[in-house]
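Numbering (this note's numbering), first residue to last: 1295 to 1601.
Reading through the structure tokens given below for one structure.
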């Protein structure tokens, strides 16, 4: 794909967000007392604001899964005031590394007896092809592969908690409306390669839609996992509600790795049209604490199921 086509891809996404649908407030009656919630990428931006809102809804324990413990501790101190009686814990998680993902999951399983919501929020965007220590392309690793492994590692804890307490728990993945702009329409996966092999191949790295590709994979993962774990649970066998969501076009520093000629216009668009982190984070809280079983396996925008 040439640079002109790349530019079309780059701008068609924010152009569609000039007029975003309003995001409703989550019900004031939402009470997360006694609940434990883990959120990845929670030291800044949407993750930090979502953690704050979980605390405002009386969550008893919020775990910030972050790459930098120092930044995580600073974030924890910042949001603790939202619920001084709650436990805000910081745990190290580097999504660039499978070893770190497994170590984090093992620590959670050793230290926690219950978990009511797992929010997979962390992610990144950049325009250069890099490989993670795992050998996979970095955006593929950080945005999708590591989160998929973490979800499968901690799913049994969500299931046990749901069964013990007689009410659903939730696995919510933060995706993006940009999944609709993926590269596979123009460059589908070949018959002689796997999906991972396809996206690990530098020849298939389309810089302005690789982020979209990873979100498409995330949505497919959610749909397939939900299919394999259908609803139909009862009070004695309640389900894990598995969903994904788009927080919308939100003003954060998420795109700080992008080239200046993309980042500066994006900042202008954010100033004019973007949601605040507070509004965007409502969609995360909705998916992980409010959304009904109808959201199982579904993709949500502006806190409702997208068509």
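The beta-carbon is built from N, C-alpha and C at its ideal position, and this holds for glycine as well.
A quick note: this is a predicted structure, and the numbers were derived from the prediction, not measured.
Scanning 1412, 1321, 1393 and 1355 for the CA closest to the CA of residue 1334 turns up 1412.
Using a 10 angstroms sphere on the CB of residue 1341, the tally of other CB atoms reaches 16 or more, which defines it as buried.
Excluding its 5 nearest sequence neighbours in each direction, residue 1525 has C-beta neighbours in its own chain below 6 Å: 1533, 1587 and 1590, listed in chain order.
Within its own chain, the residues whose Cβ lies closer than 8 Å to the Cβ of residue 1454, once the five positions on either side in sequence are excluded, are 1408, listed in chain order. Each residue's CA atom was taken as its position, placing residue 1392 and residue 1441 some 10 Å apart. Residue 1321 counts as exposed, since fewer than 16 other C-beta atoms from the protein chains shown sit within 10 angstroms of its C-beta. With contact defined as three or more Cβ pairs closer than 8 Å, the stretch 1443-1463 and the stretch 1419-1430 are not in contact.
Here residue 1587 carries a helix assignment [DSSP, helix/strand/coil].
Of the other Cβ atoms in all chains shown, fewer than 16 fall within 10 Å of the Cβ of residue 1479; this residue is therefore exposed. Closest option to residue 1507, judged by alpha-carbon separation, among 1475, 1536, 1494 and 1496: 1475. For residue 1463, the enclosing beta strand (DSSP E) covers residues 1463-1468.
The Cβ-Cβ distance between residue 1363 and residue 1582 does not fall below 8 Å. Residue 1368 places its beta carbon 8 Å or farther from that of residue 1349.
Put simply, the backbone Cα of residue 1357 is about 31 Å away from that of residue 1422. In this structure, residue 1486 keeps its C-beta atom at 8 Å or more from the C-beta atom of residue 1434.
Counting along the chain, no beta strand (DSSP E) covers residue 1487, and no H or E run does either. The alpha-carbon separation between residue 1361 and residue 1419 amounts to approximately 16 Å. Just so you know, the alpha carbons of residue 1536 and residue 1516 end up roughly 7 Å apart. Counting only runs of 4+ residues, the alpha helix (DSSP H) found wholly inside the stretch 1430-1459 occupies 1440-1459, in chain order.
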